[in-house]
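For reference, the structure is listed below as structure tokens.
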Amino acid sequence: MRKIYISGKITGDSGYIEKFKAAEKEIRQQYKGCEVINPAVILQTMPKSTTHEEYMKVSLCLLDMCDSVYMLPDWEESKGAYMEYHRAFDMGYEILGCSV
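Residues 1 to 100 in the numbering used here are what the sequence shown lists, from first letter to last.
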């Protein structure tokens with residue numbers, strides 16, 4: 001079964017949870033039967049003291065579980081999403097979403 005990771009800007013975006021949830025809904029409609037890994041939802045349970053570096057370690061582990069990545073339009077504004085894009089590219093993942 002296809003697993004799709006959502007990647008986009010989180011840091012500095014107060015509406016990121018809603019944005020990622022909307023993307024998840026769109027992905028589920030467009031790619032019927034897929035599993036979606038939504039880091040914005042999953043990482044909400046992390047302790048408040050979690051650093052950006054620690055978030056990225058967990059995010060990259062989540063990405064490694066997938067075979068595709070869905071890039072949100074603002075991904076290039078995010079250091080973390082940029083890292084995720086290049087990791088996915090290097091691993092030969094299918095890159096979906098906005099034009100990259």
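Just so it is clear, CB atoms sit at the ideal spot from N, CA and C, and this is done for glycine as well.
Cut-off 6 Å between Cβ atoms - residues of its own chain near Phe20, not counting five sequence neighbours on either side:
Ile6, Asn38 and Ala40
So within the segment 4-32, which uninterrupted beta strand (DSSP E) runs reach at least 3 residues, ignoring any that extend past its ends?
none
Separation of Pro47 from Val100, as counted between CA atoms
Residue placement at Val100 is flagged as unreliable, the pLDDT there being 43, under the threshold of 50; the coordinate-derived value follows with that caveat. If I take the Cα positions, the gap works out to 33 Å.
Assuming the contact rule is C-beta atoms closer than 8 Å, Leu43 and Val58 should be a hit. Round their C-beta distance to whole Å, please.
6 Å
Please report how far the alpha carbon of Asp67 lies from the alpha carbon of Lys3, in whole angstroms.
6 Å
Looking at Gly80: is its Cβ nearer than 8 Å to the Cβ of Ile27?
no
For Cys34, which residues of its own chain have a beta-carbon under 6 Å away from its beta-carbon, when the five flanking residues on both sides are left out?
Arg2 and Ile4
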